[in-house]
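Below is one structure; the comments refer to it alone.
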Amino acid sequence: MSKKVDKLNAQLESALSEFISQISGKTEDSAKTIATKFLNQIENKLNFEKKTIESIFSELNDVEHNQPIYINEIPFISFCEHHMFPFFGHVSIAVLPKKDIIGFSKFSDLVNNLSSNLTLQEKFTEEISQLIYSNLDCDGVHVKVKAKHLMFRSIKS
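Numbering-wise (the numbering used here), the sequence shown opens with residue 90 and increments by one.
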């Protein structure tokens, strides 16, 4: 990391540690440990070494049938681009191929790639669908994302 990023990370860790200490009553050391672990988890998720979109669609397999192919419940975890809170769940995909299809593991690679970005569930769903449709030149794609969101919204009276 650059010196600027290291400095910002240290400032963020310090502010988060102070915040945790104030709202939870944790000791300074305990709050610092929690803040460090939390920031490391976010950094690891966002810097996840992912396969490129090009490599995911580089090896196409010919198919000889006109039935849909289903891939059910690929697990994912992502972060909301508006609130930076996690959301997680499963992606199910149906593809009606014309001729080419990728291996099942590549669908999982695609979900892992796109979920490692800050995103919205709607955007995430659309990106998966568009990338499959445009790279496989298929007759149809259906993507279902079922997720739980951990953001909090207060109700104002």
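Ideal Cβ placement from N, Cα and C applies to all residues, glycine included. Since this is a predicted model, take the numbers as computed values, not measurements.
In this structure, the straight-line span from the alpha carbon of L185 to that of V232 is close to 12 Å. Straight across, the Cα-Cα distance linking C227 with D198 is about 19 Å. DSSP links Y222 through a beta bridge to no other residue.
Taking C-beta atoms under 8 Å as the contact rule, I221 and I182 qualify, at a distance of about 7 Å. For the 8 Å CB-CB criterion, F165 and G178 form a contact.
With a 10 Å radius around the Cβ and a threshold of 16 neighbouring Cβ atoms, I131 comes out exposed. For I182, the enclosing beta strand (DSSP E) begins and ends at 175-185. For N206, the secondary structure class from DSSP, reduced to helix, strand or coil, is coil.
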